[in-house]
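In the numbering used here, the protein residues as written are 1342 to 1762.
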């Protein structure tokens, strides 16, 4: 009975009147399977696609067809990040010490609090510059991600419909044509043109498009470039049109593996950060030694009658030693560095380069040579029309049209040289 099977094997469940097996899941080796075997694995027909209940069950099991995104950094975390710098920590400590010493001053004049107030003001300004720059960069990146939203043409319940790419599930039947971006890793089922080629440079770095087919691959260890019956998420169709079945989604796709490898890498401190950390360590040691030496040198004067007692004399010279140490700290260095990096970020933004983290500006500035194999590695790998030049109707000259919009946002007006839209 079905009930006994469910309890015994633990890999079957009922949805309505249909029985679905838990083996209907991601398929890692679809390229070595025949098209009929792949369709059987997902219990789906090429002509009809999945029904609503199967889509719901698969989405609950596999989630959205999207790469995991880091949530936006909270404001409090951005603020806290500005105070994690070693030099800033030293300045905070010096401000705290200056404030404590000011409290012990016999004078009631408010000027004794000038030092700690000035230091704290500098640190607050430094934090404001850093937070405003990084938050604006995150907003710009979020805006760019809105433009990259993709759609997919899918067959469900026997009907062809357009849905958001992140709503795809394993087993979905998708149709792709020239110019389409492949929404998930798919196994080609049928080709409806004389040739069908895909640009896979985003994965392999090869600029030449790859011809696709439907036959199974005999080599179980074939690399991505040799899996000619597979379509990979993020690649672009350059010739022909075809029908395919989704076999891998989200983080399980080829582009998902690359994303996981990149995000799992531990970021190294920038050269400037390392130098500042070394400077902070050295500065802290030097200041500590100076304070101790100044205090020790004045031990013979602790019992001076002008101080009233030995303890008061010790405290008096301790304040002098600490004040000398605080004076040796370059309060303006942190804000100068942050301001310089912020100015560099603004210059890059003017060149349409969005910098998410301020230290990245210094990292790029430290590069003497950037080796890039071709267009598409550092760009969107998409062509867009800026101007159209054609012969006028009289054949007497050329006319020029200006096209607005970019590959990120393909929207805008087309205007003539006279300014007419």
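Glycine included, every Cβ here is placed at the ideal spot set by N, Cα and C.
Keep in mind the model is a prediction, meaning the values are calculated, not measured.
- Here DSSP, grouped into helix, strand and coil, assigns residue 1699 to coil.
- In this structure, the alpha-carbon of residue 1404 lies about 17 Å from that of residue 1596.
- The Cβ atoms of residue 1510 and residue 1592 do not sit closer than 8 Å to each other.
- In the three-state reduction of the DSSP assignment, residue 1405 falls in the coil class.
- Between the alpha carbons of residue 1686 and residue 1699 lies a gap of roughly 7 Å.
- Fewer than three Cβ pairs drawn from the region 1498-1515 and the region 1442-1458 lie within less than 8 Å of each other, which leaves the two stretches out of contact.
- By the neighbour-count criterion, in which 16 or more other beta carbons inside 10 Å mark a residue as buried, residue 1412 falls on the exposed side.
- Nearest C-alpha to residue 1544 among 1537, 1502, 1600, 1508: 1600.
- Between residue 1585 and residue 1515, the C-beta gap is smaller than 8 Å, which places the two residues in contact.
- The alpha-carbon separation between residue 1579 and residue 1588 amounts to approximately 22 Å.
- With a 10 Å radius around the Cβ and a threshold of 16 neighbouring Cβ atoms, residue 1409 comes out exposed.
- Counted as a single uninterrupted DSSP element, the stretch harbouring residue 1531 is not any alpha helix (DSSP H) but the beta strand (DSSP E) occupying residues 1526-1532.
- Shown here, residue 1724 sits in coil according to DSSP, grouped into three states, outside any helix or strand.
- Residue state for residue 1509 is assigned as coil, using DSSP reduced to three classes.
- Segment contact: the region 1468-1481 against the region 1366-1378, fewer than three CB-CB distances shorter than 8 Å; contact not assigned.
- In the three-state reduction of the DSSP assignment, residue 1545 falls in the helix class, which pools H, G and I.
- Per DSSP, the unbroken alpha helix (DSSP H) holding residue 1680 starts and ends at 1674-1691.
- Taking C-alpha positions only, residue 1594 is separated from residue 1524 by approximately 10 Å.
- In this structure, residue 1582 places its C-beta atom within 8 Å of the C-beta atom of residue 1517.
- Taking 8 Å as the cut-off, the beta carbon of residue 1682 is found closer than this to the beta carbon of residue 1702.
- The residue among 1465, 1760, 1553 with its C-alpha nearest the C-alpha of residue 1741 is 1760.
- A straight-line Cα-Cα distance of about 56 Å links residue 1573 and residue 1436.
- Under the three-state reduction of DSSP, residue 1418 is assigned to helix.
- The beta carbons of residue 1463 and residue 1439 sit about 13 Å from each other, so the pair does not count as a contact at 8 Å.
- By the Cβ neighbour-count rule, residue 1431 is buried, with 16 or more other Cβ atoms within 10 Å of its own.
- Contact check between the region 1656-1675 and the region 1623-1640: three or more CB pairs, one atom from each, fall below 8 Å, which counts as touching.
- Residue environment for residue 1564: exposed (fewer than 16 other C-beta atoms within 10 angstroms of its C-beta).
- Boundaries of the beta strand (DSSP E) harbouring residue 1755: 1755-1757, taken from the DSSP string.
- Straight-line spacing of the CA atoms in residue 1452 and residue 1664 works out to 15 Å.
- Taken in chain order, the complete alpha helix (DSSP H) segments of 4 residues or longer contained in the region 1564-1607 are 1595-1605.
- The beta carbon of residue 1625 sits closer than 7 Å to those of 1431, all from its chain and outside the five residues before and after it, given in chain order.
- Under the three-state reduction of DSSP output, residue 1390 falls in the coil class, being neither helix nor strand.
- In this structure, residue 1756 places its C-beta atom within 8 Å of the C-beta atom of residue 1743.
- Excluding residues up to 5 positions away in sequence, 1753, 1754 lie with their Cβ nearer than 7 Å to the Cβ of residue 1745 in the same chain.
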